Ligand SMILES: C[S@@+](CC[C@H](N)C(=O)[O-])C[C@H]1O[C@@H](n2cnc3c(N)ncnc32)[C@H](O)[C@@H]1O
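Rendered as structure tokens:
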């Protein structure tokens with residue numbers, strides 16, 4: 000533990016300065032000794048994992064973030080590169096502290112009987128997950144606000160999400176391995192595990208996943224909850240899967256938070272993770288929503304002028320006043336042409352692309368003309 004205290008002292012100096020290289024070197028050395036050397040003390044390993052998580056949360060310098068992601072992926076090698084929700088929830092009271100308070104609390108952390116061993120990941124964690132309630136749906140029953148300003152989850156399934164579940168169902172004997180990115184409260188993931196598929200539910204928010212997890216435990220067939228693997232983390236950079244791992248991936252209403260260039264990288268990662276013949280199901284929002292009507296002509300004009308990504312919008316709040324308080328300061332609308340081109344540009348065969356009529360799925364105030372969302376299915380060639 001003495002080594003960790005030394006590291007903390009070093010950090011105190013380096014976090015407030017520009018000694019990036021020194022900091023990175025110290026952390027990597029420590030990682031080699033504690034995490035990947037012959038350190039067998041689970042408590043030391045756990046404290047190191049907590050420390051890495053804290054620095055990763057605070058650190059804004061890209062170079063250091065990049066190194067920390069690599070270390071984190073090694074620590075959580077048996078959990079697809081990201082901490083478990085149990086680990087997050089056991090120590091999240093520390094991650095929100097300022098550095099001084101974090102150090103005080105970190106140094107006073109001691110191992111007591113409240114912890115249990117996570118044998119799979121060789122760390123300790125609290126023995127109980129606290130219960131979090133899902134927010135109430137809007138009065139229309141269709142939208143539930145996310146807990147992290149990332150828009151809303153829909154309670155009603157669109158045709159592309161249904162096709163994703165249908166695939167799991169049609170091939171239930173094979174027990175497919177499928178990934179849902181940006182699962183929110185898991186309306187699709189929970190349906191997919193009931194087909195017997197192994198469902199990897201990813202979201203930025205550990206709290207969203209905690210809600211899915213407890214809902215899965217309430218399912219009539221408890222064995223199905225074991226088929227749910229919750230992965231809190233930022234897709235794609237924080238996640239780590241072997242190539243050719245998944246049969247299908249669903250990314251529904253998430254890519255509109257990504258720039259065009261980020262989407263290409265993201266689709267490239269999904270393609271690597273899919274098995275040959277595996278399918279990607281995408282749903283994104285279009286500019287044909289009545290609350291974004293002032294942006295529609297801008298989109299169309301940019302498209303006519305040949306813009307590759309006519310729907311990138313860096314000042315959404317200038318165009319929409321009612322619902323944009325629930326989204327970040329960037330939004331990216333796409334239509335069928337843009338989505339098709341994106342899928343083809345990373346080498347997917349485009350099997351289907353169509354507008355989605357959101358009547359009955361989206362609240363009345365945002366419905367326009369039956370083109371509110373657009374979905375696509377891409378196939379990875381063999
Ligand atoms: C608008 S909600 C959509 C939820 C659900 N898929 C649906 O279609 O209703 C977007 C969700 O994606 C998550 N999200 C956004 N960016 C993400 C990223 N880079 N990696 C993982 N999850 C992300 C958010 O936390 C949020 O829960």
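Residue numbers (my numbering): 0 to 381.
Backbone N, C-alpha and C define an ideal beta-carbon position, used for all residues, glycine too.
Owing to the predicted nature of the structure, the values given are computational and were not obtained by experimental measurement.
Inset, instruction - Examine ligand 1 and report whether any of its heavy atoms sits within less than 7 Å of the Cβ of residue 324. - result: Along the chain shown, one-based indexing puts residue 324 at 325. No, since every heavy atom of ligand 1 falls outside the 7 Å radius drawn around the Cβ of residue 324.
Inset, instruction - Could you name the residues of the same chain whose beta carbon sits closer than 7 Å to that of residue 237, not counting the 5 residues immediately before and after it, in chain order? - result: In the chain shown, residue 237 corresponds to position 238, counting from 1. These residues qualify, in order along the chain: 68, 80 and 81.
Legend entry - Sequence-distant residues of its chain with Cβ nearer than 6 Å to residue 250 (five each side left out): Within the chain shown, numbered from 1, the residue matching residue 250 stands at position 251. Excluding positions up to five away in sequence, the list reads 180 and 281.
Inset, instruction - Measure the Cβ-Cβ separation of residue 350 and residue 380 and say whether it is below 8 Å. - result: In the chain shown, residue 350 corresponds to position 351, counting from 1. In the chain shown, residue 380 corresponds to position 381, counting from 1. In this structure, residue 380 does not lie closer than 8 Å to residue 350 by Cβ.
Inset, instruction - Going by CA-CA distance only, name the one from 159, 61, 138 and 50 that's closest to residue 86. - result: Reading the chain shown from its first residue, position 87 is the one you call residue 86. Closest by alpha carbon: 50.
Legend entry - Local Cβ density within 10 Å of residue 29, reported as buried at 16 or more and exposed below that: Taking the chain shown and counting its residues from 1, one reaches residue 29 at position 30. Counting Cβ neighbours within 10 Å, residue 29 comes out buried, since at least 16 surround it.
Inset, instruction - With a threshold of 7 Å, establish whether the CB of residue 203 neighbours any heavy atom of ligand 1. - result: As a first step, residue 203 is located in the chain shown; it is residue number 204 there, counting from the start. Yes, since a heavy atom of ligand 1 falls inside the 7 Å radius drawn around the Cβ of residue 203.
Inset, instruction - For residue 426, I'd like the list of residues in its chain whose CB is within less than 7 Å of its CB, leaving aside the five on either flank, ordered along the chain. - result: With the chain covering 0 to 381 only, the question about residue 426 has no answer from this structure.
Inset, instruction - Output the distance between the C-alpha atoms of residue 223 and residue 207, rounded to the nearest integer angstrom. - result: Taking the chain shown and counting its residues from 1, one reaches residue 223 at position 224. Taking the chain shown and counting its residues from 1, one reaches residue 207 at position 208. Roughly 19 Å between the two C-alpha positions.
Legend entry - Cβ-heavy atom distance, residue 233 to ligand 1, below 7 Å: The residue labelled residue 233 in the question sits at position 234 within the chain shown. Yes.
Inset, instruction - Give a yes or no on whether the C-beta atoms belonging to residue 413 and residue 268 are separated by under 8 Å. - result: What the structure shows of the chain is the stretch from 0 to 381, and residue 413 is not part of that stretch, so it cannot be assessed.
Inset, instruction - Indicate the three-state DSSP secondary structure (helix, strand or coil) for residue 31 in the structure shown. - result: On the chain shown, position 32 is the one that residue 31 refers to. It is helical.
Legend entry - The beta strand (DSSP E) enclosing residue 178, as first and last residue numbers: Walking along the chain shown from the start, residue 178 turns up at place 179. Per DSSP, residue 178 belongs to the beta strand (DSSP E) from 176 to 180.
Legend entry - Length of the line joining the Cα atoms of residue 184 and residue 143: By one-based count along the chain shown, residue 184 stands at place 185. By one-based count along the chain shown, residue 143 stands at place 144. Cα to Cα, the separation comes out at about 9 Å.
Inset, instruction - Check whether the Cβ of residue 172 sits closer than 7 Å to any heavy atom of ligand 1, and report yes or no. - result: Here the question's residue 172 lines up with position 173 in the chain shown. Answer for residue 172: no, Cβ out of range of ligand 1.
Legend entry - Cβ contact (3+ pairs, closer than 8 Å) linking the region 103 to 117 and the region 61 to 75: no
Legend entry - Any non-hydrogen atom of ligand 1 within 7 Å of residue 71 CB: As a working mapping, residue 71 is identified with position 72 in the chain shown. For ligand 1, not one heavy atom lies less than 7 Å from the Cβ of residue 71.
Inset, instruction - Look up residue 115 in the DSSP assignment and give the residues it is bridged to. - result: Here residue 115 refers to the residue found at position 116 of the chain shown. Residue 115 pairs with 124.
Inset, instruction - Please indicate yes or no: does the CB of residue 251 lie closer than 7 Å to some heavy atom of ligand 1? - result: On the chain shown, position 252 is the one that residue 251 refers to. True, at least one ligand heavy atom lies under 7 Å from that Cβ.
Legend entry - Three-state secondary structure assigned by DSSP to residue 246: Within the chain shown, residue 246 is the residue found at index 247, counting from 1. In this structure, residue 246 counts as strand in the three-state DSSP scheme.
Inset, instruction - Could you tell me if the beta carbon of residue 256 falls within a distance shorter than 7 Å of some heavy atom in ligand 2? - result: The model depicted lacks ligand 2 and carries ligand 1 instead.
Inset, instruction - Keeping to the same chain, check which residues put their C-beta closer than 8 Å to that of residue 233; ignore five residues upstream and five downstream. - result: For the purposes of this step, residue 233 is taken as residue 234 along the chain shown, with counting starting at 1. These residues qualify, in order along the chain: 203.
Inset, instruction - For residue 52, name the three-state secondary structure that DSSP assigns. - result: Within the chain shown, numbered from 1, the residue matching residue 52 stands at position 53. Helix.
Inset, instruction - Verify the contact flag: residue 207, CB atom, against every heavy atom of ligand 1, threshold strictly below 7 Å. - result: The residue given as residue 207 occupies position 208 in the chain shown. It does: the Cβ of residue 207 is within 7 Å (strictly closer) of some heavy atom of ligand 1.
Inset, instruction - Note down, one range per segment and in chain order, each beta strand (DSSP E) of at least 3 residues found wholly within the region 65 to 121. - result: 114 to 117
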